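Participant:
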Amino acid sequence: MRKAYDKLFLGMTFREYLKNSLTLSNGIAALILIVAIPVMVYRFVYGLGPSTNLSDTNPWGIWIGVDVLCGIALAAGGLVIGTAYHLFGMKEYHHFVRPAILTSLLGYLFAVFALLFDLGRYYRLPYPMVISFGLSSIMFLIAWHFALYILALLIEWSPAMFEWLNLRKLRQWFNRLAIWATAFGVIIAGGHQSALGALFVIAPGKLHPLWYSELLPVFFLTSAIVAGIAMVIFESTLTHRVFKRQVKYFDHAEFDRLTISLGKAASAALFTYFFLKLFGLAHSNNWVLLNTLYGYWFLVEVLGFVLLPAFLFAYGVRHKSVKAVRWTALLTVIGVVLNRVNTSIVAFNWNAAERYHPQWTEVVITIGVITMGILAFRWIVNRMAILYDHPDYESVH
Amino acid sequence: MGISRREFLRRAAAIAGTSIIGSSTNVLARGDSPNYQERYSVLVDTTFCNGCRRCEWACNEWNKNPNQPLKAFEDKSVFEKKRRTHAGTFTVVNRFISPKDSKPIYVKKQCMHCEEPACLSACFVDAFKKTSKGAVIYNPGLCVGCRYCMIACPFDVPAYEYYEPINPRVTKCTFCFDRISREGRVPACVEICPTETLRFGQRSDLINLAHERIRDNPRRYIDHVYGEHEVGGTSWLYLSAVPFEEIGFRTDLGKTAIPEMSKGFLFMAKMFEVLAAWPLVFAAFYAISKIRDKGEKR
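Sequence order for the protein chains is R and E. Residues 0 to 396 (numbering that gives the first Met the number 0) make up the first sequence, in order. Residues 0 to 297 (numbering that gives the first Met the number 0) make up the second sequence, in order.
(1) Using a Cβ-Cβ cut-off of 7 Å, state whether Ala268(E) counts as contacting chain R.
(2) Name the two residues that bound the continuous beta strand (DSSP E) containing Val135(E).
(3) Which residues in chain R have a C-beta closer than 8 Å to the C-beta of Pro242(E)? List them in chain order.
(4) Report the rounded CA-to-CA distance for Tyr237(E) versus Tyr314(R), giving the unit in angstroms.
(5) What's the C-alpha gap between Val26(E) and Phe266(E)?
(6) Going by DSSP, which residues form a beta bridge with Phe127(E)?
(7) Any C-beta of chain E sitting closer than 7 Å to the C-beta of Pro390(R)?
(8) Residues of chain R with CB closer than 9 Å to the CB of His112(E), please, in chain order.
(9) What does Leu144(E) reach in chain R if we use C-beta pairs closer than 8 Å?
(10) Kindly indicate the opening and closing residues of the alpha helix (DSSP H) around Asn174(R).
(11) In whole angstroms, what is the alpha-carbon distance linking Pro68(E) and Trp56(E)?
(12) What are the boundary residues of the alpha helix (DSSP H) that Gly70(R) is part of?
(13) Considering only heavy atoms of the ligand ATP, does any lie closer than 6 Å to the CB of Gly372(R)?
(14) Is the beta carbon of Trp163(R) closer than 7 Å to that of Met383(R)?
(15) Can you name the residues of chain E whose CB is closer than 9 Å to the CB of Pro216(R)?
(16) Please classify Asp250(R): does DSSP put it in a helix, a strand, or coil?
(17) Output needed in chain order: residues of the stretch 38-59 of chain R with a Cβ under 8 Å from some Cβ in chain E.
(18) Tell me the DSSP secondary structure of Arg214(E) in three-state form.
(19) With C-beta atoms as the reference, is Cys148(E) less than 7 Å away from Ala187(E)?
(20) Just list the residues that DSSP pairs Gly200(E) with in beta bridges.
(21) For the alpha helix (DSSP H) containing Leu9(R), name the first residue and the last one.
(22) What residues from the stretch 122-135 of chain E come within 8 Å of chain R, judged by C-beta to C-beta, listed N to C?
(23) Taking 7 Å as the CB-CB cut-off, is Glu299(E) touching chain R?
(24) What residue range is occupied by the uninterrupted beta strand (DSSP E) comprising Pro103(E)?
(25) Could you tell me the boundaries of the alpha helix (DSSP H) in which Arg147(E) lies?
(26) Taking C-beta pairs closer than 7 Å, name the residues in chain E that Arg175(R) reaches, listed in chain order.
(27) Along the chain, where does the beta strand (DSSP E) that runs through Asn361(E) open and close?
(28) Kindly list the residues whose CB is nearer than 6 Å to the CB of Ala351(R), restricted to its own chain and excluding five residues on each side of it in sequence; keep chain order.
(29) What did DSSP end up calling His423(R) once you bin it into helix, strand or coil?
(30) Could you have a look at Pro33(E) and say whether DSSP puts it in helix, strand or coil?
(31) How should Ile130(R) be labelled, buried or exposed, when 16 other C-beta atoms within 10 angstroms of its C-beta is the threshold for buried?
(32) If contact means a Cβ-Cβ distance below 8 Å, which residues of the stretch 77-88 of chain R contact chain E?
(33) Counting only beta-carbon separations shorter than 7 Å, does Ile96(E) have a partner in chain R?
(34) Suppose you measure from the CA of Ile61(R) to the CA of Leu302(R); what does that come to, to the nearest Å?
(35) Among the residues of its own chain, which have a CB less than 6 Å from the CB of Ala223(R), if the five just before and after it don't count?
(36) Using CA atoms only, rank isn't needed, just tell me which of Ile165(E), Phe95(E) and Ala268(E) is closest to Ile186(R).
Encoded structure:
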């Protein structure tokens with residue numbers, strides 16, 4: 000009992016723990032949640048009509064465009080690092096694996112949590128798994144792949160939890176299973192990242208021709224890999240700053256060197272993505288549309304947030320500038336968010352008489368969900384061996 | 000956890016297998032040619048419509064949607080704005096001005112009842128069904144409310160009960176399937192139409208009739224039966240005196256059935272997943288054997 004208590008409250012008495020929690024960041028988080036939670040309740044009590052700007056013409060808003068599409072793309076870090084580490088044997092990235100897996104796991108869980116607000120009958124969430132199968136639907140593929148991938152991520156993450164709970168046998172067993180989960184996860188993640196793009200292939204008449212392409216699944220998959228690498232850089236930079244205490248004994252020169260290597264990979268992925276976009280444009284022969292308002296916006300996205308970071312990463316790698324790589328990672332992440340928002344909201348229904356913009360309640364719930372995700376991340380990092388190797392357990396590899 | 004690794008793998012493979020085989024057999028199954036002979040259609044001849052909106056009234060009446068007395072439908076001011084279908088409104092009549100003679104043209108809008116419905120292929124719980132009579136119907140008992148059908152519909156027909164917090168439904172015209180499945184009955188809107196606008200019958204017959212009318216009155220109609228080929232064909236067909244884009248129709252939708260667009264992806268995705276599985280399985284085996292080697296050396 001005593002032990003469980005110590006684990007939960009980090010070895011402090013409850014009073015000490017509370018006192019310790021009185022920080023500025025917690026204050027901000029509390030403020031956000033004080034507003035967001037009643038709005039969440041409001042959505043469930045009064046329905047989508049009063050709590051959103053969604054309409055019959057614009058059935059999807061930021062809960063799909065931001066919470067799900069961006070959330071899932073930015074949660075590709077676990078896929079990228081897990082594959083490099085477990086399957087390609089890049090053992091030097093050892094230190095990046097657990098935080099990346101945790102970020103992905105929480106990214107997926109909170110994307111699904113956000114989805115509950117958007118679904119008209121959220122309580123039927125498991126229907127495509129158990130009640131009725133829409134086999135011709137891309138959404139069906141996504142639903143199954145989400146569920147399976149969350150399972151895979153849980154397995155990949157579970158050794159950290161078993162270390163925390165001191166379950167040696169299970170930890171060892173799941174450590175092995177994690178390799179299988181990673182292999183399985185590559186297929187599953189590749190499948191649904193591209194499927195999220197394929198969702199819009201069904202609506203050629205509604206998505207602006209500059210964003211519409213039969214290559215949308217390929218665009219989404221490639222940019223998810225881009226986002227995954229960029230997120231690993233961004234997230235590791237952030238956690239190292241925030242959880243300084245936990246990485247005291249860590250080799251920072253080595254960390255910087257690996258960050259630059261990641262920048263190299265990101266640059267290659269971004270160039271690939273850029274040329275794919277270029278081929279897409281050439282294939283649909285929509286060059287003339289570039290000289291329109293939507294065209295300029297498209298150029299901002301593709302030149303400013305794909306080509307520019309591709310060069311900036313290359314610059315950072317060449318000049319061994321970790322700083323450049325880190326800032327470029329942030330730029331890249333913003334670029335992927337911009338792409339998902341453009342595809343699902345800005346360029347969607349571009350020719351409709353009635354356009355969508357989110358109601359404040361939608362924004363509040365989105366911010367609330369993100370805040371909860373960050374709090375969950377911190378709660379786990381403060382308790383489990385995510386950023387460092389558990390002293391009682393030797394590293395498996 | 001009383002489940003061995005082998006057992007887990009077996010189960011995981013079974014799940015992956017069902018989703019892979021499930022979808023690809025489905026691709027084949029969808030290729031079966033439907034029996035077009037039995038399917039019903041409605042031919043809407045927009046050159047006859049006088050905008051009385053009785054069809055709207057009759058539709059509300061039969062489908063138990065909120066309604067007003069018939070007299071209220073004579074109000075012409077509703078034509079000032081273009082309307083679309085909404086929850087509780089399965090059909091609307093819009094007014095357009097003819098570019099030919101500046102006279103009003105009235106166009107009824109409702110579900111087109113596609114031969115290969117986009118909504119049906121979009122639905123991940125299979126809540127839509129194309130009945131043998133031609134109607135595309137919706138089963139609220141399965142719907143999760145993701146509204147992907149509304150994204151998919153090229154005609155912007157399905158609407159949602161946004162103001163229903165617990166049991167919201169997608170709503171759309173049912174082709175009065177409960178009427179037309181009984182011999183000799185026609186949809187409520189067709190029954191009440193006082194002009195020659197709406198004609199109910201076998202799809203093939205109505206396509207012939209439409210072309211006949213065009214042939215006989217080449218100056219009255221443009222040579223285009225909307226719905227004959229659009230997005231793979233629809234059960235509702237339209238005739239017009241002016242190009243269809245002038246009276247609110249999309250003429251850029253193409254002839255490819257919308258479900259075809261996702262079919263290709265689903266098939267490719269499954270192929271890649273199966274092909275990618277092998278190198279990944281080997282990589283996993285290799286990684287595990289390396290750990291074992293290390294363990295033995297120690």
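Ideal placement from N, C-alpha and C gives every residue a C-beta, glycine not left out. Values in this document were obtained by computation on a predicted structure and should not be read as measured data.
Facilitator: Quick answer:
(1) Interface residue, yes.
(2) Val135 to Tyr137 is the span of the beta strand (DSSP E), which, as asked, contains Val135(E).
(3) The contact set of Pro242(E) on chain R, defined by CB atoms closer than 8 Å, is empty, because the minimum CB distance reaches about 17 Å.
(4) Going from the Cα of Tyr237(E) to the Cα of Tyr314(R) covers about 60 Å.
(5) Since pLDDT at Val26(E) reaches only 39, below the 50 mark, its modelled position is unreliable, and the value read off the structure follows with that caveat. One C-alpha to the other measures close to 7 Å.
(6) According to DSSP, which records beta bridges pairwise, Phe127(E) is partnered with Tyr137(E).
(7) No - not a single Cβ of chain E is within 7 Å of the one on Pro390(R).
(8) Those within 9 Å of His112(E) in chain R number zero; the least Cβ separation is about 18 Å.
(9) Reading off the sequence shown, one finds Gly at residue 144(E), where the question assumed Leu. Within chain R, the residues Leu118, Gly119, Arg120, Tyr121 and Arg123 have their CB atoms less than 8 Å from the CB of Gly144(E), given in chain order.
(10) Looking at the DSSP string, the run of the alpha helix (DSSP H) that includes Asn174(R) is Arg167 to Ala197.
(11) Distance between the alpha carbons of Pro68(E) and Trp56(E): 8 Å.
(12) From DSSP, the alpha helix (DSSP H) with Gly70(R) extends over Gly70 to Leu73.
(13) The model depicted lacks the ligand ATP and carries no ligand whatsoever.
(14) Between Met383(R) and Trp163(R), the gap from beta carbon to beta carbon is short of 7 Å.
(15) Those within 9 Å of Pro216(R) in chain E are Phe264, Met267 and Ala268.
(16) Reduced to three states, the DSSP call for Asp250(R) is coil.
(17) From the stretch 38-59 of chain R, only Phe43, Val44, Tyr45, Gly46, Leu47, Gly48, Pro49, Thr51, Leu53, Ser54, Asp55, Thr56, Pro58 and Trp59 have a Cβ closer than 8 Å to chain E.
(18) Under the three-state reduction of DSSP output, Arg214(E) falls in the helix class.
(19) Cβ distance not < 7 Å, so Cys148(E) and Ala187(E) don't count as in contact.
(20) Beta bridge pairing from DSSP links Gly200(E) with Ser40(E).
(21) It is not in any alpha helix (DSSP H) - Leu9(R) carries neither H nor E in the DSSP assignment.
(22) Cβ contacts with chain R: Cys122, Phe123, Val124, Asp125 and Ala126.
(23) Look at the range of chain E in this structure, 0 to 297, and you will see that residue 299(E) is not part of it.
(24) DSSP places Pro103(E) in the uninterrupted beta strand (DSSP E) bounded by Pro103 to Lys108.
(25) Note on residue identity: the sequence assigns Tyr, not Arg, to residue 147(E). Where Tyr147(E) is concerned, the enclosing alpha helix (DSSP H) stretches over Tyr147 to Ala151.
(26) Listed along chain E, the residues sitting closer than 7 Å to Arg175(R) by beta-carbon distance are Ile287.
(27) In the structure as shown, chain E begins at 0 and stops at 297. Residue 361(E) is therefore absent and cannot be evaluated.
(28) Taken in chain order, the residues that qualify are Thr56.
(29) Only positions 0 to 396 of chain R appear in this structure, which leaves residue 423(R) out of reach.
(30) Caution is warranted here: a pLDDT of 49 is assigned to Pro33(E), below 50, making its placement in the model unreliable, and the coordinate value is therefore given only provisionally. Coil.
(31) It counts as exposed.
(32) The residues in question are His85, Leu86, Phe87 and Gly88.
(33) Not a single CB atom of chain R sits nearer than 7 Å to the CB of Ile96(E).
(34) Straight-line Cα distance between these residues: approximately 24 Å.
(35) Cβ neighbours of Ala223(R) within its own chain (closer than 6 Å, five residues either side excluded): Ala72, Ala75 and Gln192.
(36) Out of Ile165(E), Phe95(E) and Ala268(E), Ala268(E) has the C-alpha closest to the C-alpha of Ile186(R).
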